[in-house]
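Same order as they appear, the protein sequences are chains A and B.
Take the first sequence: its letter number 27 is residue 27 in my numbering, and every next letter is one higher.
Take the second sequence: its letter number 29 is residue 29 in my numbering, and every next letter is one higher.
Input: a single structure, listed below in structure tokens.
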Amino acid sequence: MDQNNSLPPYAPGLASPQGAMTPGIPIFSPMMPYGTGLTPQPVQSTNSLSLLEEQQRQQQQQQAAQQATAQQATQGTSGQTPQLFHSQTLTTAPLPGTTPLYPSPMTPMTPITPATPASESSGIVPQLQNIVSTVNLGCKLDLKTIALRARNAEYNPKRFAAVIMRIREPRTTALIFSSGKMVCTGAKSEEQSRLAARKYARVVQKLGFPAKFLDFKIQNMVGSCDVKFPIRLEGLVLTHQQFSSYEPELFPGLIYRMIKPRIVLLIFVSGKVVLTG
Amino acid sequence: MAYQLYRNTTLGNSLQESLDELIQSQQITPQLALQVLLQFDKAINSALAQRVRNRVNFRGSLNTYRFCDNVWTFVLNDVEFREVTELVKVDKVKIVACDGKSKYGLTVI
């Protein structure tokens with residue numbers, strides 16, 4: 001069991017025959033069933049990205065702690081506890097209303113499991129890079145006044161009919177329209193996006209407008225991660241034709257449009273993945 | 001009509017003060033003073049565009065910026081103005097910049 005823990009993260013299934021999700025079948029085989037393999041892990045965790053990042057981190061910490069205790073426990077049972085815990089995390093990770101893509105069928109397939117599943121799910125978590133949100137300030141705005149009086153504002157009505165304002169903390173950019181609607185981009189977390197939008201609303205309010213904070217909604221979230229192994233895009237587009245579009249001459253990445261959850265992934269040969277949606 | 005940007009400079013302010021004194025002592029009419037200022041605008045704009053050749057580099061950290069009515073206003077902190085001959089350091093500098101290349105003559109106050 002220890003040998004699995006010492007494996008490099010990108011090849012957990014290869015070493016021990018019972019360690020693979022589907023015993024005996026290598027990871028890159030196109031015959032691999034849908035609900036197995038490494039890539040599910042980062043994708044699955046995007047389900048819980050919104051608002052549950054901390055829960056995920058706690059899970060990782062618990063898994064790491066579990067792994068540590070598992071190593072100290074007897075060899076025979078050490079495989080069991082991480083696996084059980086892993087199936088527990090499968091059910092607790094998703095938000096209410098979103099169903100996990102890869103539910104516990106994994107458990108019956110690998111009855112005696114080493115610590116690899118736990119290390120896989122704690123291996124890579126996508127990092128949020130950008131959040132786009134909108135909010136309605138609920139009143140008409142005079143953009144010229146805002147541009148003249150606020151700091152760090154640009155207003156070029158000939159080019160774009162909105163004031164572009166920026167703040168340093170959280171480092172974000174806002175587009176403020178005369179209707180009172182505002183778009184806030186650049187934040188690295190949902191809470192930061194909300195905080196930044198509130199700061200912009202406060203700036204507008206201080207300029208004398210009766211600004212409110214109506215219908216704050218996160219429109220898009222972008223995350224990136226690295227699976228740490230090269231990906232054969234051609235193989236992926238063969239097996240998942242209905243979801244993938246890959247035109248190497250046009251763009252070096254494969255565009256995978258996942259249906260459930262509705263996410264678009266840009267998958268690159270290097271193993272870097274960008275998730276958005 | 002050239003930019004009235006340069007009226008609020010040491011040179012422009014001195015001119016305006018002198019003109020105000022002359023108006024006070026009834027030696028010129030306000031209309032004439034206005035014409036003088038307009039001529040000053042034309043002269044300073046063409047002089048800076050045609051007769052000034054030296055180059056100054058400056059570097060600092062940006063505190064605030066603003067772009068409205070095609071006018072950029074920057075406030076920089078801890079700026080170093082560097083010319084071949086000498087170096088000047090300032091804590092705060094405000095830069096007001098109008099479009100140099102545009103065809104239409106704007107009067108900007």
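C-beta atoms are modelled at their ideal positions from N, C-alpha and C, and glycine is treated no differently.
**Message:** Given this structure, state the Cα-to-Cα distance separating V264 of chain A from L128 of chain A, to the nearest angstrom.
**Reply:** 14 Å
**Message:** Between the alpha carbons of K199 of chain A and Q192 of chain A, how many angstroms are there, rounded?
**Reply:** 10 Å
**Prompt:** Which residues, in chain order, does the segment 147-163 of chain A contribute to contact with chain B at a C-beta distance below 7 Å?
**Reply:** A147, L148, R151, N152, A153, E154, Y155 and N156
**Prompt:** Nearest chain A C-beta to F74 of chain B closer than 8 Å, yes or no?
**Reply:** By this cut-off, F74 of chain B is not an interface position.
**Proximity winner among A:G123, A:V132 and A:L137, relative to L214 of chain A (alpha-carbon distances)** = The shortest C-alpha separation from L214 of chain A is found at A:L137.
**Message:** Measuring alpha carbon to alpha carbon, tell me which residue in A:I131, A:R202, A:K144 and A:Y155 is nearest T185 of chain A.
**Reply:** A:I131
**Request:** Would you tell me roughly how many angstroms separate the C-alpha atoms of L236 of chain A and Y246 of chain A, rounded to the nearest one?
**Result:** 9 Å
**Request:** May I ask you to verify whether the segment 256-273 of chain A touches the segment 18-25 of chain B, counting CB pairs closer than 8 Å and requiring at least 3?
**Result:** With the rule of 3 Cβ pairs closer than 8 Å, the segment 256-273 of chain A does not count as touching the segment 18-25 of chain B.
**Prompt:** Per DSSP, which one or two residues make a beta bridge with S61 of chain B?
**Reply:** B:N77
**Request:** State the start and end residues of the unbroken alpha helix (DSSP H) segment that holds Y200 of chain A.
**Result:** E190 to K206
**Where the beta strand (DSSP E) containing S133 of chain A begins and where it ends** = The continuous beta strand (DSSP E) containing S133 of chain A extends over residues Q127 to N136.
**Request:** Look up G223 of chain A in the DSSP assignment and give the residues it is bridged to.
**Result:** A:L128 and A:L275
**Request:** Could you name the residues of chain A that C68 of chain B contacts, counting a contact when the two beta carbons are closer than 7 Å?
**Result:** Close to C68 of chain B, with beta-carbon spacing below 7 Å, are these residues of chain A in chain order: K144, A147, L148 and Y155.
**Message:** Mapping the DSSP letters down to three states, classify A187 of chain A as helix, strand or coil.
**Reply:** strand
**Message:** By the DSSP assignment, the alpha helix (DSSP H) with F40 of chain B in it spans what residues?
**Reply:** F40 of chain B: member of the alpha helix (DSSP H) spanning P30 to Q50, first to last residue.
**Message:** Going by DSSP in three states, A211 of chain A sits in which element: helix, strand or coil?
**Reply:** coil
**Request:** Would you list the residues sitting across from Y256 of chain A in a DSSP beta bridge?
**Result:** Looking at the DSSP assignment, Y256 of chain A forms a beta bridge with A:S244 and A:L265.
**Item:** Positions along the segment 47-67 of chain B whose CB lies within less than 7 Å of some CB in chain A
**Value:** T64, Y65, R66 and F67
**Item:** Check whether V163 of chain A and L143 of chain A have beta carbons under 8 Å apart
**Value:** yes
**Message:** Whole angstroms are fine: how far does the CA of D78 of chain B sit from the CA of R59 of chain B?
**Reply:** 8 Å
**Prompt:** According to DSSP, what are the bridge partners of I231 of chain A?
**Reply:** Per DSSP, none; premise fails for I231 of chain A.
**Request:** Quickly, what does DSSP pair F177 of chain A with across the bridge? List them, please.
**Result:** A:A162
**Message:** Excluding the 5 residues flanking G271 of chain A on each side, which residues of the same chain have their C-beta closer than 7 Å to its C-beta?
**Reply:** D226, V227, K228, F229, P230 and I231
**Request:** Using 10 angstroms around the beta-carbon of T172 of chain A, count the other beta-carbons present and answer buried if the total reaches 16, otherwise exposed.
**Result:** Classification of T172 of chain A: buried, given that the 10 Å Cβ count is 16 or more.
**Message:** Do E80 of chain B and K89 of chain B have their beta-carbon atoms positioned less than 8 Å apart in this structure?
**Reply:** yes
**Request:** Put A97 of chain B into one of helix, strand or coil per three-state DSSP.
**Result:** If DSSP states are grouped into helix, strand and coil, A97 of chain B belongs with the strands.
**Host alpha helix (DSSP H) of A150 of chain A (start-end)** = No alpha helix (DSSP H) contains A150 of chain A, which DSSP labels as neither H nor E.
**Message:** Given this structure, state the Cα-to-Cα distance separating S179 of chain A from P157 of chain A, to the nearest angstrom.
**Reply:** 14 Å
**Message:** Under DSSP, the alpha helix (DSSP H) around S18 of chain B begins and ends at which residues?
**Reply:** From DSSP, the alpha helix (DSSP H) with S18 of chain B extends over T10 to Q24.
**Own chain residues within Cβ distance below 7 Å of R233 of chain A, not counting five before or after** = At residue 233 of chain A the sequence reads Leu, which differs from the Arg that was named. Excluding sequence neighbours, L233 of chain A sits near Y246, L254, I267 and V269.
**Request:** Could you check what DSSP says for V56 of chain B in three-state terms: helix, strand or coil?
**Result:** Reduced to three states, the DSSP call for V56 of chain B is coil.
**Request:** Could you check what DSSP says for T85 of chain B in three-state terms: helix, strand or coil?
**Result:** coil
**Request:** Report all residues from its chain with a CB closer than 8 Å to the CB of L87 of chain B; omit the five preceding and five following residues, and keep chain order.
**Result:** E80 and F81
**Prompt:** What residues in its chain sit with their C-beta under 6 Å from that of A153 of chain A, if we drop five residues either side in the sequence?
**Reply:** A147, V163 and M165
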